[in-house]
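-13 is the number of the first residue of the sequence shown in our numbering; add one for each residue after it.
Comments concern the structure below.
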Amino acid sequence: MAEPRWLNEKEQQAWRAFIAAQRVVNGRIEQQLQRDAGIPHTYYEILVRLSDAPDGRLRMSELAVATLGSRSRLSHAVNRLEQYGWVRREGIESDRRGQVAIITEAGREKLVESAPGHVEEVRSAIFDALTEEQVDQLFTICKALADNTGQER
């Protein structure tokens, strides 16, 4: 078995800073959405993805990929969103097992109502602490991490 590729001191510091930043930012955003909108960030993200989609609709499988969630977890979240009247599902004629999630008018209203507080918390938690150059660097770094599928090994 090969020796692990241990992190050097600089990498260890960067790793720990990344974990701390991720926890702080995620915690602040989750807390704000729960407090002000009464929903978890996952539900907000589903509404955003559907709102951005053509005709406000996405296949459940596409929505799972877009939200980086498992299908079962997504299905549970969409069930709750349906109960609130913010999303509805329809079958797909060409695919008897497939379903489409569709944002409702009430879902769009919830998103419009929730967005100002959410974007202010995102700005406060992330962008107010960064220079414009750091925002560019953050984008480059996050894109590289998101694009890294780990398939190279």
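Even for Gly, the Cβ is constructed at its ideal location relative to N, Cα and C.
Is the beta carbon of leucine 49 closer than 8 Å to that of leucine 33? Mapped onto the sequence shown, residue 33 falls at position 47. Mapped onto the sequence shown, residue 49 falls at position 63. In terms of Cβ geometry, leucine 33 and leucine 49 do not form a close pair [threshold 8 Å].
In whole angstroms, what separates the C-alpha of glutamate 91 from that of proline 40? Walking along the sequence shown from the start, residue 91 turns up at place 105. Walking along the sequence shown from the start, residue 40 turns up at place 54. Going from the Cα of glutamate 91 to the Cα of proline 40 covers about 15 Å.
Going by other Cβ atoms of all chains shown within 10 Å of its Cβ, with 16 needed for buried, is tryptophan 72 buried or exposed? Position 86 of the sequence shown, counted from the start, is the residue given in the question as residue 72. Classification for tryptophan 72: buried.
Limits of the beta strand (DSSP E) - the one that glycine 103 falls within: Stepping through the sequence shown from its first residue, residue 103 is reached at position 117. Element bounds for glycine 103: not the beta strand (DSSP E) but the alpha helix (DSSP H), 91 to 111.
Spatially closest choice to glutamate 68 from Tyr29, Val10, Gly84 and Gln(-1), by CA coordinates: The count along the sequence shown starts at 1 and reaches residue 68 at position 82. The alpha carbon of glutamate 68 has as its nearest neighbour, out of Tyr29, Val10, Gly84 and Gln(-1), the alpha carbon of Tyr29.
Under the rule that 16 or more other beta-carbon atoms within 10 Å means buried, what is glutamine 8, buried or exposed? If you number the sequence shown from 1, residue 8 lands on position 22. Here glutamine 8 is exposed, its C-beta having fewer than 16 other C-beta atoms within 10 Å.
Phenylalanine 113 versus glutamate 119: straight-line alpha-carbon distance, rounded: Working through the sequence shown from its first residue, we reach residue 113 at position 127. Working through the sequence shown from its first residue, we reach residue 119 at position 133. Answer to the nearest angstrom: the Cα atoms are 11 Å apart.
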